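Reviewing the structure listed below.
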Amino acid sequence: MERKHMPSRKDSGKHFRDTKAHKQARHSSRQEQRQRRNSRRQQQQYADDREDFDDSGKTKDENLDGLDVMASYVDSESTHEGDDPYDLMPDLSMDAYEQTEKDEERVWEHERQNHPHHRVRNTFLVILIVFIVVLGGFTAVFYVSARNVYNSSLNAVSLSKDIATSFGEGNTKNIVSDVQSFSRCLQSMKDETDKPIWKIAQHVPFISGDVQKAIDLVDIGQQVSVNVVTPVAQDMDGVSVQSILSNQKIDLDSLNQLCKVFSDVQPAIADADQQINALGDAQFEYLNDPLQASKARLNELNTAAVNLGNIAPQLPAMLGSEGTRTYLVVAQNNAQLRSTGGSPAAQMLISINQGKFTLSTFKIADEDYQEGQIPLTDEERQIVVDLMGTDADTEQQDVNVVPSFPRAAQLLEWCSEKNTGESVDGVIAIDPIFLQDLLDLIGGVRASNGTQIDGENAAQLMMNGVYLNQSSESKHGNSDFAQLAGLSLSSVVNNMGRVSITDFVRCVWDATQTNHFTIYMDKEDEEAAIERIHAAGEVNQDGTQPVAALYLNDACDSKLDWYLKAQQRITGVQYNDDSSVTYTVDATLENTATATAMQNNAPEELVGDNPEGRNYGIVLSCLIMAPTGGSISDVDARLTTDKDQSNVSLYGNNVVTGSLEIDPGETVDVSYKITTQRGATAPLQLYMTPVAQS
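Throughout, the working numbering is defined as the position within the sequence shown, counted from one, plus 8.
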């Protein structure tokens, strides 16, 4: 049978591809391919049949005549009646074989040139199928492992909270059990992240970053378990942390043991805190939630350990371990603002001997002195008396217009010793907001008139209720303030044993950071320790870490500052050529009182002097202080003054003073600019006198 020659691209030309003749040629080529495949099968079948013949010419299985077998095979391949069946026998010569190979090469070349995408497509599909199968298996295995780590991380965070609670309550038995569970939980997470599947996942795009964060987080948790939690539990075994606080006393031996334990592990805490902060944020919620929770808990733990270490060497002596200490306790009333917080309306003496507290009674602080008798410096007198118009040089209730609490405390000490003849070792300033937070921990106390004072209403009763709920002629609000403040503080001291030490420390710490609780110590090393824990209320003197301050002072002898809301924010930043930075600061002050309420027989102690002349509004004497080495400019015209303030400074810092009136229901915005010193290494921070409605 004649074989047709398949047309090549060379013979047909490029235009031949899309013609009908080209399609027919392709069809003919496929027929030829089928014929060649049949021919090869026939050759193989013929060879197999020959192998089945024995020497006698019979088949091995059926002993048939060999010619009969061959004839039967050939006849079966005959397709037309009358054809010579032997013509259908494949040409078994070498020339025919070589021609077949050449034909196949031409077909292969045709496919390669005209349909290369078929091979690429098929290869891609194979690879894709393999990839999907492998990826599916990897994803399933990794998902199960990651889910185990996630569940264990939630359990670890929960256990860390339980440990802190047990620690604060002095429950040693629970601490040991929780620490063991915590260690097992961390080890389980470590075992998971050490599996090979996690090593592979570190190289998978999109998830590799979070995978590495998860591994690092587990490693950090393991370090905390081994180097912090376990040693603390072992060293505090047998020591009741709760015994540190008891009614009217702090156990100094237990306190010293606690300080030593945390001093030993503080470097490990700091290292873990640094590592976890370096991780940043995770993109997946399942990882980011435990990561952020762990960050917050480690940061809190590190802050507590650092501050405890900063004050631990001096703390026992401050609590009377070397002899009785006597401190002046000042209750500041934020309803009548002063730079350091509020008017020092009530004062008492408190003695501490070997950790045991003895309180006297709060008394009104309203003594007056001869002009110039209170020992202000010339610089302080120029600012707070001459420019601001206060009576800080003659009246005890005005001395803390001076913005530096250490200096105000020294002036308060002078007044106290002048009045009582008894020297003190330092000053402790509290306010109704701090007392309310303490009452929230220990429970309420009932006043002599039956009023319940607690963690919900103490601040309002002391700063507003005692003045509002009296006749217009009565002036016993300050004495009521002193009574409630003394009653609240006595209740706290007498019931300290009911409070978790961790809750107590957290409450005190929060108050120091918001300037609702400040301390001054006469001894320099003790005052330095107070400064290190940021409880001193001093004026910032580091120009590289700039702080701008807005100090507010009542200027109409009222208690209307209870209704004041105030906040500051930075609204603009300009980087100067000399490497200084200029910040635009906006202060918003709102008087939440209503004119109707103030005009309807409001007591004189509440509304102050000449209320009609100022529309029953709030009048403030303000002091703006620039950072060390910085300056103030572009002060809003609303902050009025008729005094020359060019080149005025206090404690080496540039200051500007002015008066501000805010009518009932009015909101006032005051702006000014602060320029830092050259080369300040940190952005500007803002400070403002703490107000009642903070």
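All residues carry an ideal CB built from backbone N, CA and C; glycine is no exception. Note that the structure is a prediction, hence the values are computed from the model and not measured.
- Inter-residue spacing [alpha-carbon to alpha-carbon] between T600 and E674: 8 Å
- Task: Could you tell me which of D394, Q340, V501 sits nearest to Q256, measuring between CA atoms?
- Result: V501
- Message: For L692 and E330, what's the separation of their Cα atoms in angstroms?
- Response: 42 Å
- Tell me which same chain residues have a C-beta within less than 6 Å of the C-beta of Q231, skipping the five on either side of it? A280
- How is K371 classed by DSSP in three states: helix, strand or coil? strand
- Item | Reference G317; option with closest CA among Y294, I527, V187, V269 | V269
- Query: How would you write the range of the beta strand (DSSP E) that T697 sits in, first residue to last?
  - Reply: Annotation for T697: no beta strand (DSSP E) segment contains it, and DSSP assigns it neither H nor E.
- Item | Exposed unless 16 or more other CB atoms sit within 10 angstroms - verdict on A605 | By the 10 Å Cβ count, A605 comes out exposed.
- Query: Got a sec, what are the start and stop residues for the alpha helix (DSSP H) F413 sits in?
  - Reply: 413-428
- According to the Cβ coordinates, are V699 and N342 closer than 8 Å? yes
- Mind listing, in chain order, the continuous beta strand (DSSP E) runs of no fewer than 3 residues lying wholly within the region 508-592? 525-529, 555-562, 572-583
- On a CA-only basis, which of L194, M471, L395, A437 is nearest S566? Give me that one, please. M471
- Message: Between the region 627-634 and the region 657-672, can you find at least three pairs of beta-carbon atoms closer than 8 Å?
- Response: Contact holds: three or more Cβ-Cβ distances are below 8 Å.
- Message: Using the three-state DSSP reduction, which class does P204 fall into: helix, strand or coil?
- Response: helix
- Query: Tell me, which residues are paired with Q355 by DSSP?
  - Reply: V338, K371
- Integer Cβ distance of F175 from V273, believed to fall under 8 Å: Contact doesn't hold; Cβ gap of about 13 Å is too wide.
- Task: Over the uninterrupted beta strand (DSSP E) stretch that includes N315, give me the two end residues.
- Result: N315 -> not in any beta strand (DSSP E); alpha helix (DSSP H) instead, spanning 293-319.
- Item | The beta strand (DSSP E) enclosing A437, as first and last residue numbers | 434-438
- Task: Starting from D224, trace the alpha helix (DSSP H) both ways and give me its first and last residue.
- Result: 216-232
- Identify the residues that DSSP records as bridge partners of Q460: which are they? As a beta-bridge residue in DSSP terms, Q460 pairs with R454.
- Bridge partner(s) assigned by DSSP for E669: For E669, which the question treats as bridged, DSSP gives the partners V627.
- Message: Cutting at 6 Å between CB atoms, please list the residues of its own chain near R686, excluding the five before and the five after it.
- Response: Excluding sequence neighbours, R686 sits near D586, S587, S588.
- Query: In angstroms, rounded to a whole number, what distance separates the CA positions of D224 and V152?
  - Reply: 19 Å
- Message: Please classify D83 as buried or exposed, where buried requires at least 16 other C-beta atoms within 10 Å of its C-beta.
- Response: Below a pLDDT of 50, predicted positions are generally treated as unreliable, and D83, at 46, falls in that range; the measurement from the model is reported next regardless. Its Cβ having fewer than 16 others within 10 Å, D83 is exposed.
- Task: Leaving out five residues on either side along the sequence, give the residues of the same chain with a beta carbon under 6 Å from the beta carbon of Q460.
- Result: G452, R454
- Can you tell me the Cα-Cα spacing of D550 and E539, whole angstroms? 13 Å
- Residues near V615 in its chain [Cβ-Cβ closer than 7 Å; skip 5 each side]: So the qualifying residues of the chain are S566, L568, M606, Y624.
- Task: Specify the secondary structure class of N361 as computed by DSSP and reduced to three states.
- Result: strand
- E598: which of E421, E669, F214, C423 sits nearest, CA to CA? E669
- Output the boundary residues of the alpha helix (DSSP H) element that contains S431. First-last for S431: undefined, no H or E at that position.
- Message: So if DSSP puts T366 in a beta bridge, which residue, or which two residues, is it bridged to?
- Response: Beta-bridge analysis with DSSP links T366 to S359.
- Message: Quick check on the DSSP output: the beta strand (DSSP E) that includes D677 runs from which residue to which?
- Response: 675-683
- What is the residue span of the alpha helix (DSSP H) that D284 lies within? Looking at the sequence itself, residue 284 is Ile, so the reference to Asp does not match. Per DSSP, I284 belongs to the alpha helix (DSSP H) from 260-286.
- Query: Thinking C-alpha only, which one of A301, I228, T689 is nearest K169?
  - Reply: K169 has its Cα closest to that of A301, out of A301, I228, T689.
- Task: With distances taken Cα to Cα, identify the nearest neighbour of L497 among A467, G473, D511.
- Result: A467
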